[in-house]
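**Student:** With the numbering used here applied, the sequence shown closes on residue 257, and no number is skipped along the way. A virtual CB, placed ideally from N, CA and C, is assigned to each residue, including glycine. This structure is a prediction, so every number in the text was calculated from the model and none was measured.
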Amino acid sequence: MKAHILQHVPFEGPAYIGQWLAARGAQVGHTCLWASAALPDPAAVELLVVMGGPMSVNDEAEFPWLVAEKRFIADVVALGRPVLGICLGAQLIASAHGARVYRNAEKEIGWFDIHAADAGGERFRFPDHATVLHWHGEAFELPAGAHLLASSAACAHQAFQLGERTIGLQFHLEMTDDSLRAIIANCRDELVPARWIEDETTILGHAPAHFAATHALMDRLLTWLTRT
30 MKAHILQHVP FEGPAYIGQW LAARGAQVGH TCLWASAALP DPAAVELLVV MGGPMSVNDE
90 AEFPWLVAEK RFIADVVALG RPVLGICLGA QLIASAHGAR VYRNAEKEIG WFDIHAADAG
150 GERFRFPDHA TVLHWHGEAF ELPAGAHLLA SSAACAHQAF QLGERTIGLQ FHLEMTDDSL
210 RAIIANCRDE LVPARWIEDE TTILGHAPAH FAATHALMDR LLTWLTRT
């Protein structure tokens, strides 16, 4: 498997996804967009993973590489290759397909439940409810033709599927202890008291109880996306 990872900041890497790919002997390429916007041939990508980041998909003036990145994502999707977007990555998939990305009514940061939507058909099925890590202030509309897969109390659109091989997640199943501590270290200023924002101690304290389940769900999702 030839996988490619689009990473937007040094502290939001593939984490558990990297472990999953290594265990399967995948060839993994990276585009670190803060350093270089060079992108591979879409036809050479057999799995595309688009990571998160603190910027907005609407910040094209500040981050002009967003324009080419969205075009690249759309090209890989059009080829029917498996594509997974996480947080900003999901918003980029949505934006690349004409959907609006906007400021959510409230920031959602911490361990909160998602609830599965009945998307029907041959689509990925989330558990009826699962506790997952959230870290976002924006939300996406569903792209045309996409199916809602999950929601939360704070954000109606938490996951979607576009076609047979593209899934966007507003939340983070990939987090490990190291990656969680890295995002906290770099984005600690966002942890202000609010209804859907947990404090640092709570986030770190709850993490060990949830990592096994979120990694198992990520394993199942990646296995499903890359099925033959």
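If you draw a straight line from the C-alpha of residue 165 to the C-alpha of residue 257, how long is it?
**Tutor:** In a straight line, the C-alpha of residue 165 is about 33 Å away from that of residue 257.
**Student:** Are residue 34 and residue 58 touching if we call contact CB-CB under 9 Å?
**Tutor:** Yes, they are a contact pair.
**Student:** Taking all protein chains shown into account, decide if residue 137 is buried (16 or more other Cβ within 10 angstroms of its Cβ) or exposed.
**Tutor:** Looking at its Cβ environment, which holds 16 or more other Cβ atoms inside 10 Å, residue 137 is buried.
**Student:** In its own chain, which residues sit with a C-beta less than 8 Å from the C-beta of residue 89, not counting the 5 before and 5 after it?
**Tutor:** Counting only Cβ-Cβ distances below 8 Å, and skipping sequence neighbours, we find 95 and 96.
**Student:** Roughly how many angstroms lie between the CA atoms of residue 193 and residue 129, to the nearest whole one?
**Tutor:** The straight-line gap from Cα to Cα measures roughly 22 Å.
**Student:** Here's a check: name, in chain order, each residue in its chain whose Cβ is nearer than 8 Å to the Cβ of residue 217, leaving out the five neighbours to either side.
**Tutor:** Cβ neighbours of residue 217 beyond the five flanking positions: 229.
**Student:** Count the other C-beta atoms from every protein chain shown that fall within 10 angstroms of the C-beta of residue 221, then say buried if there are 16 or more, exposed otherwise.
**Tutor:** Residue 221 comes out exposed.
**Student:** How far does the beta strand (DSSP E) with residue 243 in it reach, from first residue to last?
**Tutor:** That residue, residue 243, is in no beta strand (DSSP E); its alpha helix (DSSP H) goes 229-254.
**Student:** Which residue wins for smallest C-alpha separation from residue 209, given the options 127, 100 and 239?
**Tutor:** Of the candidates 127, 100 and 239, the one whose C-alpha sits nearest the C-alpha of residue 209 is 239.
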